[in-house]
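Residue numbers (the working numbering): 716 to 850.
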Amino acid sequence: LEGHTQRARDAEQELEVAQREAHSARKQLSICKSKVDQCNKLSEELDAARNEANQLGNDNRSLQAQLAALRQELSSARAQMVARPQAEDVGALRRDLEGTMDRLYKCNQQKGALKEQLAAKQQEADVLRRELAAA
Numbered sequence: 716l717e718g719h720t721q722r723a724r725d726a727e728q729e730l731e732v733a734q735r736e737a738h739s740a741r742k743q744l745s746i747c748k749s750k751v752d753q754c755n756k757l758s759e760e761l762d763a764a765r766n767e768a769n770q771l772g773n774d775n776r777s778l779q780a781q782l783a784a785l786r787q788e789l790s791s792a793r794a795q796m797v798a799r800p801q802a803e804d805v806g807a808l809r810r811d812l813e814g815t816m817d818r819l820y821k822c823n824q825q826k827g828a829l830k831e832q833l834a835a836k837q838q839e840a841d842v843l844r845r846e847l848a849a850a
């Protein structure tokens, strides 16, 4: 009987040790699950950061293309400015244009006077035709 009692005590002690180890293992498992959850969350955050980095890269390429286009426009505008006449040339061109406009105005006045003379001559011709027809 004493041998069975001793084995029962030994079994109880082993059971207690096993229960402590199981409790410890459950704690470790809980800690591991928590760490896995943290890793999953960090993985999601990393994926989001990668996506954002890719989008920023795309935005950067787009902005660089726009910048290149603006630089080209600026270069073209500078070339046009260089090709434009200087202020002295503009003044000379303005004087030439004003002279041309004056000549055009005088030509139009002469044209108007000639039209009036032509109308008068046509009236004279009409009078002469009627007189000729009447004679």
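Yeah, the Cβ is synthetic: ideal placement off N, Cα and C, and Gly gets one too.
The model shown is predicted, which means the values in this text are computed figures rather than measured ones.
Three-state secondary structure (DSSP) at ALA850?
-> coil
Hey, how far is the Cα of SER841 from the Cα of GLY814?
-> At residue 841 the sequence reads Asp, which differs from the Ser that was named. So the two alpha carbons sit approximately 40 Å from each other.
Going straight from the alpha carbon of ALA740 to that of HIS719, what length do you get?
-> Taking the straight line from one Cα to the other gives about 30 Å.
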